[in-house]
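Quick note on the working numbering: the sequence shown kicks off at 518 and runs consecutively. The beta carbon of each residue, even a glycine, is placed where N, CA and C say it ideally should be.
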Amino acid sequence: MASAGGLPFIPARYYARLGELLSGHGLDGAAVFGQAGMAQETLDDPEGRLTLPQVEALIAEVYRIAPDIPWAFELGRSLKLSSHGMLGYAMLSSPDLDYVFQLLARYFRIIMPTFRLQYRRGDEHDEVLLTVAAGQSPLCLQFHIEAIAVAWHWEILSLLQGNMPTYDLYLSCGTPRHLERYAGLKPARWHFGWPIRPGFRILYPRGLVSRELAMADPGALKLAERQCSELAQQTLKQGRLVEWVTAMLTYSRDVITSREELAALLNIAPRTLDRRLQEEGASFRELSRQIRFQRACDLVRSGQLSMLEIALELGYRDSANFTRAFRREAGCAPSQWLSGQQDAKTR
518 MASAGGLPFI PARYYARLGE LLSGHGLDGA AVFGQAGMAQ ETLDDPEGRL
568 TLPQVEALIA EVYRIAPDIP WAFELGRSLK LSSHGMLGYA MLSSPDLDYV
618 FQLLARYFRI IMPTFRLQYR RGDEHDEVLL TVAAGQSPLC LQFHIEAIAV
668 AWHWEILSLL QGNMPTYDLY LSCGTPRHLE RYAGLKPARW HFGWPIRPGF
718 RILYPRGLVS RELAMADPGA LKLAERQCSE LAQQTLKQGR LVEWVTAMLT
768 YSRDVITSRE ELAALLNIAP RTLDRRLQEE GASFRELSRQ IRFQRACDLV
818 RSGQLSMLEI ALELGYRDSA NFTRAFRREA GCAPSQWLSG QQDAKTR
């Protein structure tokens with residue numbers, strides 16, 4: 518969600534939980550919230566929203582009065598799937614982790630609009646990437662990266678009922694003073710000081726995301742997804758529709774394929790979707806073309822499917838049509854493109 522001037526609104530429920538942690542340490546949570554300019558009725562409202570400046574002021578005040586307590590770690594450890602409202606319910610009802618991660622890639626902005634979440638399958642690992650979507654103070658940024666990473670670990674572990682293989686989690690934050698607490702977060706291998714960009718990167722062993730989840734419920738999932746899409750409609754007010762459409766096309770390729778279907782999710786006419794995208798300097802056709810080509814490159818690079826299988830996967834009638842379309846984008850046939858990629862790796 519977004520407020521006037523493009524500043525995102527953030528669900529207040531996470532910070533209400535922080536108030537409980539403050540009280541547990543014998544601190545006056547109400548006074549801290551008041552100092553940060555937050556109204557108690559906003560925190561008590563399940564649908565309450567806070568501005569980013571309010572959240573930044575809260576984090577600064579919390580660390581000012583108690584700098585030695587690992588607040589981010591404690592908040593992340595205290596969160597459950599139910600903490601995320603309807604998106605958490607959809608996660609619980611999903612058939613496998615692949616579906617969970619696709620849901621999160623599409624709808625993460627519902628629960629934390631200051632960050633962007635990406636998910637992609639790989640030859641050796643499956644990857645989740647959290648990056649920054651809105652500028653914020655260094656303290657606020659570090660707080661949220663750590664809290665989200667810790668919460669993520671426990672929530673995915675709970676979906677798998679504790680049956681999780683070893684995996685790697687890279688955080689851009691430096692090594693924390695409370696490093697000993699991470700020793701209990703097994704089977705994750707925690708790496709700090711990831712230098713690529715602010716956020717985190719998670720690498721799961723291949724095959725894990727296909728594991729079936731015990732609480733899968735197609736009916737409940739359909740209901741929860743419908744409500745998530747209704748929340749996503751508010752994207753229209755953010756001036757960031759391109760980002761949402763890109764995520765939906767990328768991570769819903771087996772379900773959502775047309776502008777008509779995406780428009781229906783937002784409860785608008787396809788022509789309205791086109792107009793809104795045009796206002797942001799984009800078009801559905803161009804976004805779809807770019808994403809389909811990227812998907813084609815990923816499939817060719819993986820080497821797991823024949824050209825015919827790739828063509829059918831991408832909606833082409835045969836491999837000849839796919840090869841012609843690929844040549845238009847890449848300037849060469851898929852086999853030549855792959856050879857060039859392999860040569861580049863060996864240099």
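Query: Helix, strand or coil at Gln659 [DSSP, three-state]; Result: helix
Query: Exposed unless 16 or more other CB atoms sit within 10 angstroms - verdict on Gln821; Result: exposed
Query: Helix, strand or coil at Gly736 according to DSSP, with G and I counted as helix; Result: helix
Query: C-alpha distance - Gly546 paired with Glu537, whole-angstrom precision; Result: 7 Å
Query: Residues near Leu825 by beta carbon distance below 6 Å, same chain, minus five either side; Result: Ser836
Query: Cβ contact check for the stretch 640-649 and the stretch 564-579: 3 or more pairs under 8 Å; Result: no
Query: Through-space distance from Leu730 to Ala700, alpha-carbon basis; Result: 26 Å
Query: Pairwise C-alpha distance: Gly832 and Leu567; Result: 43 Å
Query: Residue span of the alpha helix (DSSP H) that contains Tyr606, given as start and end; Result: Gly602 to Ser610
Query: Sequence-distant residues of the same chain with beta carbon closer than 8 Å to Gly691, five excluded per side; Result: Phe709 and Gly710
Query: Sub-8 Å separation of Tyr684 and Pro722 beta-carbons; Result: yes
Query: Expected contact under 8 Å - CB spacing of Ala607 and Cys745 to nearest Å; Result: 6 Å
Query: Segment limits, beta strand (DSSP E) that includes Val645; Result: His642 to Val649
Query: Pro735 versus Asp585: straight-line alpha-carbon distance, rounded; Result: 45 Å
Query: Start and end residues, beta strand (DSSP E) containing Tyr684; Result: Tyr684 to Leu688
Query: Integer Cβ distance of Ser611 from Leu738, believed to fall under 8 Å; Result: 6 Å
Query: Bridge partner(s) assigned by DSSP for Pro722; Result: His642
Query: For Ala529, the nearest candidate out of Gln807, Met555 and Gly565 (CA to CA); Result: Gly565
Query: Whole-number beta carbon distance between His661 and Leu702, since they are thought to touch under 8 Å; Result: With 8 Å as the limit, Leu702 and His661 do not qualify as a contact, their Cβ atoms being about 17 Å apart.
Query: Euclidean distance between Cα positions of Ile808 and Ser675; Result: 33 Å
Query: Contact belief for Thr648 with Arg714 at Cβ below 8 Å, rounded distance in angstroms; Result: 6 Å
Query: Leu604 versus Phe632: straight-line alpha-carbon distance, rounded; Result: 16 Å
Query: DSSP three-state assignment for Arg715, whether helix, strand or coil; Result: Arg is not the amino acid found at residue 715; the sequence shown has Pro there. Pro715 falls in the coil class under three-state DSSP.
Query: Exposed unless 16 or more other CB atoms sit within 10 angstroms - verdict on Ser775; Result: exposed
Query: Under 8 Å between C-beta atoms of Glu777 and Phe810; Result: no
Query: Range covered by the alpha helix (DSSP H) that runs through Leu506; Result: No statement about residue 506 is possible, as the shown extent of the chain runs from 518 to 864 and does not include it.
Query: Secondary structure of Met527, DSSP reduced to three states; Result: The sequence as given places Ile at residue 527; Met does not occur at that position. Note: Ile527 maps to strand in three-state DSSP.
Query: Spatially closest choice to Arg743 from Met732, Ala781, Gly716 and Gln659, by CA coordinates; Result: Ala781
Query: Glu747 classed as buried or exposed, judged by whether at least 16 other C-beta atoms fall within 10 angstroms; Result: exposed
Query: Element boundaries [alpha helix (DSSP H), containing Arg802]; Result: Phe801 to Ser819
Query: Presumed contact (8 Å Cβ cut-off) between Arg793 and Leu829, rounded CB distance; Result: Contact doesn't hold; Cβ gap of about 32 Å is too wide.
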